[in-house]
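Only one structure is covered here, and it is reproduced in the block below.
Residue numbers (full-length UniProt numbering): 1 to 94.
Structure, rendered in structure tokens:
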């Protein structure tokens with residue numbers, strides 16, 4: 001009996017001219033082909049995102065999983081796959 005997949009919403013906090021953010025987007029798309037998830041991107045410099053700018057201006061890219069902080073700076077493909085697989089299975093992130 002297979003376990004149904006949990007809803008996964010990843011929020012990527014990003015900004016223009018952020019090379020690490022561009023790298024993160026590439027990794028996220030590769031992982032997305034293996035483990036389906038919704039991806040929301042938030043430009044921390046966009047109007048209305050002042051809170052996120054203040055919080056993450058020195059740390060982007062930042063990734064949240066279903067509204068909770070997951071990681072910052074570099075997105076490691078293998079680590080992200082393991083994290084999402086565990087989340088799908090157990091509903092928790094370590």
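The C-beta atom is built at its ideal place from N, Cα and C for all residues, glycine as well.
task: Reducing DSSP to helix, strand and coil, say where residue 55 ends up.
output: Here the question's residue 55 lines up with position 55 in the chain shown. If DSSP states are grouped into helix, strand and coil, residue 55 belongs with the helices.
field: residue 71 to residue 64 span [Cα, whole Å]
entry: Your numbering for residue 71 matches position 71 in the chain shown. Your numbering for residue 64 matches position 64 in the chain shown. Each residue's Cα considered, the two are about 7 angstroms apart.
- prompt: Looking only at its own chain, which residues have a Cβ that is under 8 angstroms from the Cβ of residue 20, when we skip the five neighbours before and after it?
  reply: Taking the chain shown and counting its residues from 1, the one referred to as residue 20 is at position 20. 60, 61, 73 and 74.
query: Can the beta-carbon of residue 83 be found closer than 8 angstroms to that of residue 92?
result: Your numbering for residue 83 matches position 83 in the chain shown. Your numbering for residue 92 matches position 92 in the chain shown. Against a cut-off of 8 angstroms, the Cβ pair of residue 92 and residue 83 comes out as no contact.
field: Between the CA atoms of residue 6 and residue 57 - distance to the nearest angstrom
entry: Walking along the chain shown from the start, residue 57 turns up at place 57. Walking along the chain shown from the start, residue 6 turns up at place 6. Each residue's alpha carbon lies about 31 angstroms from the other.
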